[in-house]
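Down below is the structure, laid out as C-alpha cells.
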Amino acid sequence: MSKEIRFNEASALYIHIPFCLSKCPYCDFYSVEYDKKRVDLYWAALFQELESLIKSVDNKLLRSIYIGGGTPSLISGEKIFALLKKIRSSFQLPPTAEITIEANPLSLSEEKIIAYKRAGVNRISLGIQSFNNKFLDFLGRNSSREKNIDSIKLLKKYFSNYSLDLIFALPEQSGEEFKRDLEILSSFNPPHISLYNLEIHEQTPFYQRLEKGEFKLPADKIDAEMYNFAQNFFLKAGYNNYEISNFAKSGYRAQHNYLYWRYNSYLALGPGAAAFNGKIRYKNRADLNKYLKSFLADQKVEREINFLTKEDRMAEYCFLALRTRAGLSLHQFYLNFKEDFNNLYRDSVDKLKNKSLLAESNNRLYLTAKGKLLANEVFLVFLK
Ligand code: SF4
1 MSKEIRFNEA
11 SALYIHIPFC
21 LSKCPYCDFY
31 SVEYDKKRVD
41 LYWAALFQEL
51 ESLIKSVDNK
61 LLRSIYIGGG
71 TPSLISGEKI
81 FALLKKIRSS
91 FQLPPTAEIT
101 IEANPLSLSE
111 EKIIAYKRAG
121 VNRISLGIQS
131 FNNKFLDFLG
141 RNSSREKNID
151 SIKLLKKYFS
161 NYSLDLIFAL
171 PEQSGEEFKR
181 DLEILSSFNP
191 PHISLYNLEI
201 HEQTPFYQRL
211 EKGEFKLPAD
221 KIDAEMYNFA
231 QNFFLKAGYN
241 NYEISNFAKS
251 GYRAQHNYLY
261 WRYNSYLALG
271 PGAAAFNGKI
281 RYKNRADLNK
291 YLKSFLADQK
301 VEREINFLTK
311 EDRMAEYCFL
321 ALRTRAGLSL
331 HQFYLNFKED
341 FNNLYRDSVD
351 KLKNKSLLAE
361 SNNRLYLTAK
371 GKLLANEVFL
381 VFLK
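For the sequence shown, the positions run 1 to 384 when the UniProt record's numbering is used.
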C-alpha cells in the first residue's frame with residue numbers, strides 16, 4: 001500500500017495509456033493488447049487516480065500534459081476530451097500550456113485528429129520510425145512507407161506543432177537508406193524531430209534474437225557516423241539540436257521533456273508511470289490488472305517509492321542538464337543545492353574535458369560532439 005506523497009507544485013503531468021494493437025519486438029514500454037472493454041474500465045480507474053492526485057498537489061498550475069504510451073491514438077476523441085476537461089476543472093492551464101498526445105499511423109484517423117484538437121490537444125508526436133518497408137517489417141510496426149506518409153500529410157492539415165520519431169542504426173542499414181529516410185522526413189518540414197538509435201533492452205524479443213545471432217547491430221563507429229550525418233543534415237535544414245536526440249525549429253522545443261531535463265517536479269497517472277516531487281520519485285506498478293483491481297476495491301495504486309538523497313539529486317540534476325544544448329550552469333547548481341560544484345566534481349570534470357567529452361565556457365558545462373556520442377560515460381562520473 002502506498003503512502004500519501006505530496007507535491008508543492010508540479011509543472012508537468014504524464015498520463016500513460018497502456019494499450020497497443022500488438023507488441024513491437026524492440027519495445028520495453030509497458031503495454032498490453034488493446035481491448036475496448038478494458039479501456040472503458042481503465043478510463044474509470046484513471047479518473048479515480050486523478051481524483052486522489054488532485055488532492056496531493058498544492059499549487060495546481062500545469063505547463064504541460066503528455067499523453068504517452070502504449071498507443072494513445074487507440075483512444076477515442078470523446079475519452080480524451082473528458083479526461084482533459086476533468087484536468088482543466090482542477091488545474092490551472094495557461095494558454096501556452098503544451099498538451100501532447102502520442103500517435104501511431106495505424107490508429108490515427110482524420111476523425112481522431114479533429115477530435116483530439118477539439119479536446120484541447122495542441123501537439124501530436126507521431127511514431128514514424130522509418131519510411132523503408134524492410135525496416136518497418138523488421139521493427140514489427142505493421143505500417144508502411146505509404147501509410148506513414150499519408151499520416152503525416154493528414155496531421156499537417158490540422159496541426160502546426162507536431163513531432164516525428166525516427167529510428168536509425170538498424171541492422172545492415174546502409175548510409176544511403178538512412179539518408180533517404182532523413183530526406184523523406186525533412187521534405188515535410190516537421191517543426192520537431194526525435195531521432196533514436198535502435199537500443200536493445202533485456203526482456204524484449206529482440207534481445208533474445210540478438211543473443212541467438214539472428215541479427216547484428218551496426219558497429220559503434222557506424223552508429224556515430226550516422227548520428228553525425230543526421231546532426232549536420234538537420235542543422236543545414238534549420239533545426240536546433242537542443243537535446244541529444246531532439247531537433248526543433250525555432251519555437252518548437254518540446255516543453256514537456258524540457259521540464260524533465262530542467263529537474264522540475266512532475267505528476268503521473270497510469271500503470272508504469274513515474275512521478276517526482278523534487279525529493280521523492282515513485283513509479284506506479286506496471287500491471288494493468290492490479291491497477292484495475294485497486295480501482296474496483298477502492299484502494300490506492302501500488303507504487304515503488306524511491307527517496308532520493310541529496311547526492312542522487314545533484315547527480316541527476318547534472319546529467320539531465322548536460323543532455324541539453326543549454327548545458328549545466330554551475331551557478332544554478334549552487335542556487336539549487338547550496339553546494340560548490342567544483343568541490344564535488346572538478347577532478348572528474350577536468351578528466352572529461354581532457355578527453356574532449358566536455359567543454360566549459362561562462363561557468364557552464366556542455367557535452368562536446370564526442371561527448372554526445374559517449375554521453376553515458378560522462379553521466380557515470382556524477383553517480384559516485
Ligand atoms: S506501438 Fe509503441 S509502445 Fe506499443 S509496442 Fe510498439 S513501440 Fe511499444
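Beta carbons: idealized from backbone N, C-alpha and C, even for Gly.
As the crow flies, the alpha-carbon of Glu360 is around 10 angstroms from that of Leu330. Take the alpha-carbon of Leu383 and the one of Ala321: they are about 14 angstroms apart. Counting the other Cβ atoms within 10 Å of the Cβ of Asp40 gives fewer than 16, which makes it exposed. Taking Ser245 as the centre and dropping the five residues before and after it, the same chain places the C-beta of Ser194, Leu195 and Tyr196 closer than 7 angstroms to its C-beta, in chain order. In the structure shown, Ser186 falls within a helical segment according to DSSP collapsed to helix, strand and coil. Rounded to whole angstroms, Asn342 and Leu126 show a C-alpha spacing of 42 angstroms. Between the segment 287-294 and the segment 336-351, the count of C-beta pairs closer than 8 angstroms stays below three; the two stretches do not touch. Thr100 is classed as buried because its beta carbon has at least 16 other beta carbons within 10 Å across all chains shown. The beta carbon of Leu84 is closer than 8 angstroms to those of Ile65, Ile99, Ala119, Gly120 and Val121 in its chain, skipping five residues each way along the sequence. By alpha-carbon distance to Tyr252, the top candidate from Ala97, Phe29, Ile80 and Leu61 is Ala97. Taking 8 angstroms as the cut-off, the beta carbon of Leu357 is found no closer than this to the beta carbon of Leu380. In the DSSP secondary-structure assignment, Ser294 is not bridged to any residue. In the three-state scheme derived from DSSP, where H, G and I count as helix and E and B as strand, Leu380 is classed as helix. When the beta-carbon positions are compared, Thr71 and Leu136 stay at least 8 angstroms from each other. Lys60 and Ser174 have their C-alpha atoms roughly 49 angstroms apart. Under a 10 Å Cβ-count criterion, Gln129 is classified as buried, with 16 or more other Cβ atoms of the shown protein chains found around its own Cβ. In the structure shown, Gln255 adopts helical secondary structure according to DSSP, grouped into three states. Relative to ligand 1, Asn142 has its C-beta separated by 7 angstroms or more from all heavy atoms. Secondary structure note for Arg303: its beta strand (DSSP E) is the uninterrupted segment Arg303 to Phe307. Here DSSP, grouped into helix, strand and coil, assigns Gly69 to strand.
In the DSSP assignment, Arg281 falls within the beta strand (DSSP E) that extends over Ile280 to Asn284.
Contact check for Ala10 against Val57 passes: the beta carbons are separated by less than 8 angstroms.
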